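Below: the structure, in structure tokens.
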Amino acid sequence: MTRKQRYQFVIDFFQQHAPNAETELLYDNPFELLVAVILSAQCTDVRVNMTTPAIFRRYPTPQKLAKASFDDLFPLIKSISYPNNKTKHLIGMANMLLEEFGGEVPMTVDELVKLPGVGRKTANVITSVIDQQPNMAVDTHVFRVSHRIGLVPTSATTPLAVEKALIKEIPADLVHKAHHWLILHGRYTCLARSPKCANCGLQAACKYFAKQGKQ
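By the count of the working numbering, the sequence shown reaches residue 216 at its end, each step adding exactly one.
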């Protein structure tokens, strides 16, 4: 199977079985998603979703969050990984939204990465989820799954290299969905330690599965 055929198989499978894949983070507007994605770094979406309701109730806007003190915000996110840094990032992010973006969440990667706590992955999530831009956020799941299936070459050893390889092959209008396809597949089927290969519909296209069968 060529790489092009492999991509087509994977795309066809997910379009049939997960046509409406979307983020599992809970939010009502771009500001809430930005807060949630900043909190989700090195943390599960389940934990973030348990934490954000209290934050959104107390700080529903950038204006209110910008006025938060560290001591007031920290207790609300202390169950999240790296709470000290994330508390500072959230307050700093809200202040920069007000100072440089009129209180609105910008919709370009270059602008978003200026915000405290926002790296390229987070910026790609925001722009693809909110604006359906063809940006691919590469987290640990996307990185693992794309390598195992054989969607990207073994020489793609960084998230940016994987991002570029995926963007090159996936139709632009499907990139924002493909991001969720790969994440959710990695989260529930193609697990890091014990992948559920027996229950996977991508067996016919997967290099990892083919290699396991030869062992």
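By construction, the Cβ of each residue, glycine as well, lies at the ideal position given by its N, Cα and C atoms. Everything numeric in this text was worked out from a predicted model, so none of it was measured.
Beta-carbon separation (whole angstroms), residue i vs residue j, contact threshold 8 angstroms
i          : j           : result
residue 27 : residue 52  : Actually they are not in contact, since the Cβ atoms of residue 27 and residue 52 sit about 10 angstroms apart, beyond 8 angstroms.
residue 11 : residue 152 : 7 angstroms
residue 77 : residue 56  : 5 angstroms
residue 48 : residue 80  : 7 angstroms
Same chain, Cβ closer than 7 angstroms to residue i, five either side skipped, listed in chain order
i           : result
residue 193 : 145
residue 24  : 130 and 181
residue 66  : 60, 91, 92 and 95
residue 110 : 121, 124, 125, 128 and 136
residue 183 : 142, 143, 146 and 147
residue 74  : 88, 91 and 92
Given residue i as reference, the closest of the options once Cα atoms are compared
i           : options               : result
residue 191 : 168, 141, 156 and 165 : 141
residue 13  : 128, 205, 154 and 184 : 205
residue 21  : 175, 29 and 61        : 175
residue 178 : 160, 69, 56 and 135   : 135
residue 197 : 161, 154, 149 and 170 : 149
residue 8   : 73, 31, 203 and 101   : 203
residue 63  : 107, 189 and 83       : 107
residue 19  : 46, 76, 75 and 189    : 189
residue 97  : 43, 58, 32 and 154    : 32
residue 29  : 50, 45 and 44         : 50
residue 209 : 172, 161, 155 and 83  : 155
residue 99  : 68, 5 and 160         : 68
residue 86  : 42, 104 and 159       : 42
Continuous alpha helix (DSSP H) stretch holding residue i: start and end
i           : result
residue 88  : 84-102
residue 41  : 31-41
residue 52  : 46-59
residue 119 : Note, residue 119: premise wrong, no alpha helix (DSSP H); not H, not E.
residue 63  : 63-67
residue 107 : Taken as a continuous stretch (DSSP letters only), residue 107 belongs to no alpha helix (DSSP H), as it is neither H nor E.
residue 79  : Segment: none, residue 79 is in no alpha helix (DSSP H) and carries neither H nor E.
Own chain residues within Cβ distance below 6 angstroms of residue i, not counting five before or after
i           : result
residue 94  : 116, 117 and 118
residue 164 : 137 and 139
residue 15  : 182
Cut-off 8 angstroms between Cβ atoms - residues of its own chain near residue i, not counting five sequence neighbours on either side
i           : result
residue 166 : 147, 152, 153, 154 and 157
Q) Enumerated in chain order, which unbroken segments of the beta strand (DSSP E) with a length of 3 residues or greater are wholly contained in the segment 126-214? A) none
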